[in-house]
(Lines of atoms letter the chains of each structure in order from A; the text may use other names.)
(Lines give C-alpha, C1' and ligand atoms only; values in the text may rest on other atoms or scores of the structure.)
Protein backbone atom coordinates (compact mmCIF):
# COMPACT_ATOMS: atom_id res chain seq x y z
CA UNK A 805 0.00 0.00 0.00
CA UNK A 806 2.83 2.42 0.78
CA UNK A 807 4.35 1.79 -2.63
CA UNK A 808 1.12 2.77 -4.39
CA UNK A 809 0.86 5.89 -2.25
CA UNK A 810 4.42 6.91 -3.07
CA UNK A 811 3.68 6.66 -6.79
CA UNK A 812 0.59 8.82 -6.43
CA UNK A 813 2.53 11.40 -4.45
CA UNK A 814 5.34 11.28 -6.99
CA UNK A 815 3.11 12.66 -9.74
CA UNK A 816 2.60 9.43 -11.66
CA UNK A 817 -0.04 9.93 -14.37
CA UNK A 818 -3.25 7.97 -14.30
CA UNK A 819 -5.40 6.72 -17.16
CA UNK A 820 -8.26 9.09 -16.28
CA UNK A 821 -5.93 11.99 -17.11
CA UNK A 822 -5.63 10.96 -20.77
CA UNK A 823 -8.04 10.54 -23.71
CA UNK A 824 -7.06 8.27 -26.60
CA UNK A 825 -8.46 8.17 -30.12
CA UNK A 826 -7.99 6.06 -33.25
CA UNK A 827 -10.08 4.90 -36.19
CA UNK A 828 -12.30 1.97 -35.12
CA UNK A 829 -11.14 2.23 -31.49
CA UNK A 830 -13.26 0.37 -28.93
CA UNK A 831 -11.15 1.44 -25.96
CA UNK A 832 -7.80 3.06 -25.30
CA UNK A 833 -5.86 3.78 -22.11
CA UNK A 834 -2.61 5.58 -21.39
CA UNK A 835 -1.15 6.05 -17.90
CA UNK A 836 2.03 8.00 -18.54
CA UNK A 837 4.33 5.06 -19.32
CA UNK A 838 6.10 3.81 -22.43
CA UNK A 839 3.01 2.09 -23.91
CA UNK A 840 -0.71 2.66 -24.44
CA UNK A 841 -3.41 -0.03 -24.48
CA UNK A 842 -5.45 0.18 -27.69
CA UNK A 843 -8.34 -2.12 -28.65
CA UNK A 844 -9.67 -1.74 -32.19
CA UNK A 845 -12.75 -3.19 -33.87
CA UNK A 846 -13.13 -5.90 -35.19
CA UNK A 847 -10.44 -7.53 -33.01
CA UNK A 848 -11.38 -9.60 -29.94
CA UNK A 849 -8.82 -7.87 -27.73
CA UNK A 850 -6.35 -5.02 -27.68
CA UNK A 851 -2.67 -4.77 -26.93
CA UNK A 852 -0.05 -2.43 -25.50
CA UNK A 853 1.81 -0.42 -28.12
CA UNK A 854 4.89 1.80 -27.78
CA UNK A 855 4.30 5.55 -27.74
CA UNK A 856 6.28 8.69 -28.47
CA UNK A 857 5.56 11.45 -25.98
CA UNK A 858 5.71 15.16 -26.85
CA UNK A 859 4.41 17.35 -24.05
CA UNK A 860 0.77 16.53 -23.37
CA UNK A 861 0.39 14.29 -26.45
CA UNK A 862 1.52 10.74 -27.15
CA UNK A 863 1.36 9.01 -30.52
CA UNK A 864 1.83 5.48 -31.74
CA UNK A 865 0.77 2.81 -34.22
CA UNK A 866 -0.94 -0.50 -33.66
CA UNK A 867 0.43 -3.70 -35.18
CA UNK A 868 -1.86 -3.29 -38.23
CA UNK A 869 -0.52 0.25 -38.80
CA UNK A 870 -3.45 2.21 -37.36
CA UNK A 871 -2.17 5.47 -35.85
CA UNK A 872 -3.46 6.55 -32.43
CA UNK A 873 -3.16 9.67 -30.31
CA UNK A 874 -3.61 10.12 -26.56
CA UNK A 875 -3.88 13.62 -25.11
CA UNK A 876 -3.67 14.83 -21.54
CA UNK A 877 -6.97 16.20 -20.22
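Numbering (my numbering), first residue to last: 805 to 877. Ideal placement from N, C-alpha and C gives every residue a C-beta, glycine not left out.
Among all the DSSP beta bridges, which residues are the ones paired with residue i?
i, result
"residue 865", "871"
"residue 854", "839"
"residue 833", "841"
"residue 826", "872"
I'd like to know whether the C-beta atoms of residue i and residue j end up nearer to each other than 8 Å.
i, j, result
"residue 874", "residue 831", "no"
"residue 839", "residue 852", "yes"
"residue 844", "residue 861", "no"
"residue 878", "residue 834", "Lying outside 805 to 877, the shown extent of the chain, residue 878 is not represented and no answer is given."
Measuring only the C-alpha atoms, how far is residue i from residue j?
i, j, result
"residue 872", "residue 864", "5 Å"
"residue 846", "residue 821", "26 Å"
"residue 826", "residue 866", "10 Å"
"residue 876", "residue 837", "13 Å"
Taking only three categories from DSSP, how would you classify residue i?
i, result
"residue 848", "coil"
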